[in-house]
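Chains as they are written, first to last, in this note's numbering: chain U, 407 to 529; chain R, 6 to 216; chain G, 11 to 671.
Even glycine gets a Cβ: it sits at the ideal position worked out from N, Cα and C.
In this text, all values refer to a predicted model and were calculated from it rather than measured experimentally.
What follows is one structure encoded as structure tokens, with my remarks underneath.
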Amino acid sequence: MKTKIYQTPSHPDANLKQYILGYTVSVLFTLSAFFLVKNTVFTRNVLEYVVASLAISQFIIQIVFFLHLFNERNPRFRLLVFLLMLAIVLILVVGSLWIMANLNHNMTLPSQIRYMNNQGGGF
Amino acid sequence: MTATSQQFEIEHVSLADLRKEESPSIFENVSFGFFVYLMTDLVLFASLFAVYAVLHKNIANGPSGYNIFNLNTVLAETLLLLTSSFTCGLTLLSLRTKKKITVLTNLAVTFLLGLGFLLIEINEFHHLVSIGDSWRVSGFLSSFFTLVGTHGLHITIGLIWMIYLAFRLYKTGFSRANLRRFTIFTLFWHFLDVIWIFIFTVVYLMGMLKL
Amino acid sequence: MLYFASFFLGKLNRHAIPTDMVTLGAAVSIVLGLIFGAILITYFHKWKYLWKEWLTSVDHKKIGIMYIIVAVLMLIRGGVDALMLRGQQATSVGVHHGYLSSSTFAQVFSAHGTIMIFFAAMGLMFGIINLVLPLQIGSRDVAFPFMNLTSFWLFVAGMVLVNVSLGIGDFSAAGWLAYPPLSELRYSPTVGVDYWIWSLEIAGIGSLLSGVNFFTTILKTRAPGMSLTKMPMFAWSVLCTTSLIIFAFPILTVTLTLLYLDRTMGMHFFTAAAGGNMMMYVNLIWAWGHPEVYILILPAFGIFSEIVATFSHKRLFGYRTMVGALVSITVLSFTVWLHHFFTMGAGADVNGFFGIMTMVIAIPTGVKIFNWLFTMYKGRIKFSQSMLWFFGFVGLFTVGGVAGVILAMPPADFQLHNSLFLVAHFHTMIVGGVLFGYFAGLSYWFPKIFGYKLNEKLGRISFYLWFSGFLLAFVPLYILGLLGATRRIDHYSASLGWQPLFIIAGLGVLVIASGVFMMIIQHLVSFINRDKLKDKTGDPWNGKTLEWSVSSPAPFYNFASIPVVHSRDFYWDIKNIIKHEPKEITDVLMPKNSNHAPIIGFISILFGFSMVWHIWWLSLVSLLLIIIVIFNRFNDENPNYLLRAEEIIEIEQSHLRLKES
């Protein structure tokens, strides 16, 4: 029994190479997103998609190289919880935006729309 | 089963032994539990992002993001936080060296980078409030201050936590309990950087794209 | 002078004491009850015992009992609120205006909903989970015993804040979910909504921590050999419930905080001016609120799965489909929230989508009902009181579920939204589903916790009173709803002819109250006859899961040696196999009791109170104190003590002697 108690903990292994790689790539992505926006390299519409995909790529990079989510041994409960969290977050954010856009569309009077256009903003 | 047939065999453990090193199951439970907590925190931030996404156009005669954001300072903030996330990882790795001075130096660098980030953010908030663009102005500014401020609050907690970690390490050295403490703190700090990627992109970069 | 007063006391002044007789009476009676309790404890010299053995205990079974005591007190308080509401509605017709003012009535229904959901139902749920779960999965305790106690004390802190609002200030009059703009400062200028916000915020953080705790407990501390597919169904339901808690409660925390920021900092999230959007509040609160109702019902499903199989002496029918149903309910419950506001402006596409999703979620629920019925089919059913609650549940829950599917159709919902039909529907689900489930579970596991069984006859009488009282109280509401009576109505015209139905509903509440009274009698009688009802074997119902393999009441260390599990209904499979090999007993590291958790709870009350009344210096001080207490706890190098093997053997042998006698 005693030997069992004193095994080393099975924490996700971290190593220097992964950290340096993750850091370099993250800095590169951050800088390129910054300069693309700063100099408005593409049209605004295209830029939105570009920076969004840069953000998502950087997110994945950090999940892999900093948080070591995929280093877990079986059973991979962390990964499971993470994926469930992603699903809930997507449902919540996309659902909220869909619902709110729909509500605004249906519940805004034409006079309000004109007013808000004049104010340069809106719902 | 008759009761009298039941025999017991005794095995003793020494309390001193158990106290010297905590059992690995504690490490596993705590790091997993903390990971789950971080997932709940991500949902919390996701709700704030949803609120921001819904309200960010509601500027109500106030300024829009384009008018108030200074992308250069935000880039500085981003790089500071990213670097501190990196040095935080180095801190965890340096625990293997078993040299207090190395670990504490790494931790101090992480702390200072985080502090720098926080000071820039406070400065940005202070500037906005002083020119009259406070959270009272519009739905957009309310959600901006709350989303970014919640992140800043987490950073503040992280800074206090780092002081505590330094104190623990200095006092009790390289025990398994301290390895556990550093591991979950590293998770927390990386996680804050992950959140910041989205604040940087969704709030600042995309805010600059919308005139 | 005035400046100092406002610095030290915030918004608090002598006008905070209510002048309205009903509220004042309630506050005074609560204070008198507390003083009476304190005198009793002092007289019997039990303060030290109470503090050492209960309030600071990290034993999950004791925490569970404390949860249930608090929840039952809150059930009674919420029940009194319900009686007041129905009393008003039965008498306030035409020229008569009842005995409650409109604002008191609004406070009472807000308090009724808040208390019943957050402090009665959630309290019972966490109580039962605490009592049973670690025993059922073969664990010595939860993953984080100290955090478990802290969660309990945060729950208590929230409960205290709700009740403090009776005597100091007022409570929210904006309904149990406090929709803006009514709950915004402009329309609710008193501290009522702030009380509501902070009691839920603090209790909600406690629930979130509990969720993380039990989620980790199930995934990390199961007995060796118990794979997820060998786990008892109750444990599965708790796994699903806790995963709902950990993903839904952060949304509540955010929503409440934003409302508070609106009210205090002048922000514009949900205001009607300056770019606020009140519909975002409704959207967010239901994104939490809908999973919340499944958080409450899933453990009830788990309890019934245990009870039906045990009392039918058959294995649970369709284990895999049961798990599948639980998991799909868990995921689907996040995709239906808009059905709470079909009428608030969404278009046909959005309403159609969420209507269909709502109907889809009825399918796994139906699967579960059929599985229980098939489990009973050709079984040797024992009609115990726990089974009676199940039979009541099946009938009511199916009817309520069908009413729910009716409400899921947007065109029908446009007629029924905010009517008493809706009120009747969700009470059928929450009383007939959730409460009946928890009552069944309490009578089923009672001997495991207290060592003696509950009186069967009185339990049956209580069930019949509850069941008939429920029908009397809520069938009229279905009819009234279809006639057009809106919820939260405190006065109506005599020409509508609703009064007889409201009187019947009020009588129904009285019958339910007598059911509660009968439950109290049942517990008293059982306690007096506890020697006769003693459970000597530790297995009074021929149970199939691990909790029945230990003595009753369960020893504080749960298992003398951790069992190794080989099959699904493990205890059924092994209980008749004679074991000759000696049991190996080792010393066990047990968590020490902790003073920190109740202290955190007390300071949280101060914190919440100061946030409600804008006493900022106190908020700051209490926040600092909480941080200090937490660091103090973290610095405790020896939070555990060693329980010697000899002590365990002594307790085990006394149990064996009892079993033999």
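Item                                                                                                                   : Value
Rounded straight-line distance, which links the Cα of residue 388/G to that of residue 319/G                           : 12 Å
Any chain G beta carbon closer than 8 Å to residue 407/U                                                               : Low confidence applies here, because residue 407/U scores a pLDDT of 35, under 50, leaving its location unreliable; read the following figure in that light. So yes, residue 407/U belongs to the interface.
Residues near residue 95/R in its chain [Cβ-Cβ closer than 7 Å; skip 5 each side]                                      : 111
For residue 657/G, the nearest candidate out of 325/G, 102/G and 569/G (CA to CA)                                      : 569/G
Helix, strand or coil at residue 104/R according to DSSP, with G and I counted as helix                                : coil
Selection of the region 278-289 of chain G by Cβ proximity to chain R, strictly under 7 Å                              : 278, 279, 284, 285, 286 and 287
Cα-Cα separation, residue 499/G to residue 511/G                                                                       : 14 Å
8 Å contact criterion, which residue 454/G and residue 317/G should meet: CB distance rounded                          : 5 Å
Sub-8 Å separation of residue 312/G and residue 247/G beta-carbons                                                     : yes
Burial state of residue 416/U (16 or more Cβ within 10 Å)                                                              : Interpretation of residue 416/U is limited by its pLDDT of 39, a score under 50 that renders its predicted location unreliable; the figure taken from the coordinates is listed afterwards. Residue 416/U should be labelled exposed.
Sequence-distant residues of its chain with Cβ nearer than 6 Å to residue 72/R (five each side left out)               : none
Partner residues on chain U for residue 94/R, Cβ-Cβ distance less than 9 Å                                             : 420, 422, 424, 425, 428, 429, 471 and 472
9 Å Cβ cut-off: residues of chain G touching residue 46/R                                                              : 260
Supposed contact pair residue 22/G and residue 623/G - C-beta distance, whole angstroms, cut 8 Å                       : 5 Å
Residues from the region 448-462 of chain U in contact with chain G, defined by Cβ distance under 9 Å                  : none
C-beta neighbour in chain G for residue 73/R, strict 8 Å                                                               : no
Any C-beta of chain R under 8 Å from that of residue 466/U                                                             : no
Cβ-Cβ separation, residue 475/U to residue 488/U (assumed contact under 8 Å), whole Å                                  : 6 Å
Segment contact flag, the region 402-415 of chain G with the region 473-481 of chain G, C-beta cutoff 8 Å, min 3 pairs : yes
Partner residues on chain G for residue 512/U, Cβ-Cβ distance less than 8 Å                                            : 355, 356 and 357
is_contact[residue 159/G, chain U] using C-beta, thresh 8 Å                                                            : no
Sequence ranges, alpha helix (DSSP H) only - wholly within the region 430-460 of chain G, length at least 4            : 430-437 and 446-460
Beta-carbon neighbours of residue 210/R, restricted to chain U and to distances below 7 Å                              : 439, 443 and 457
Segment limits, alpha helix (DSSP H) that includes residue 512/G                                                       : 509-538
Residue 477/U at chain G interface by Cβ criterion, 8 Å                                                                : no
Rounded separation between residue 153/G and residue 75/G - CA only                                                    : 19 Å
Every unbroken alpha helix (DSSP H) inside the region 66-143 of chain R [4 residues or more]                           : 70-73, 76-99 and 105-135
Backbone secondary structure at residue 241/G - three-state DSSP                                                       : coil
Alpha-carbon to alpha-carbon, residue 166/G and residue 466/G                                                          : 32 Å
Residues that residue 360/G contacts on chain U, provided the C-beta gap is smaller than 7 Å                           : 504, 505 and 508
Distance CB(residue 269/G)-CB(residue 151/R) smaller than 8 Å                                                          : no
Span separating the alpha-carbon of residue 200/R from that of residue 84/R                                            : 14 Å
Per-residue contacts from residue 483/U into chain A (C-beta, under 9 Å)                                               : Checking the listed chains, one finds no chain A in this structure; the protein chains it contains are U, R and G.
Min CB distance residue 86/R to chain G below 8 Å                                                                      : no
8 Å contact criterion, which residue 491/G and residue 417/G should meet: CB distance rounded                          : Contact doesn't hold; Cβ gap of about 10 Å is too wide.
Backbone secondary structure at residue 369/G - three-state DSSP                                                       : helix
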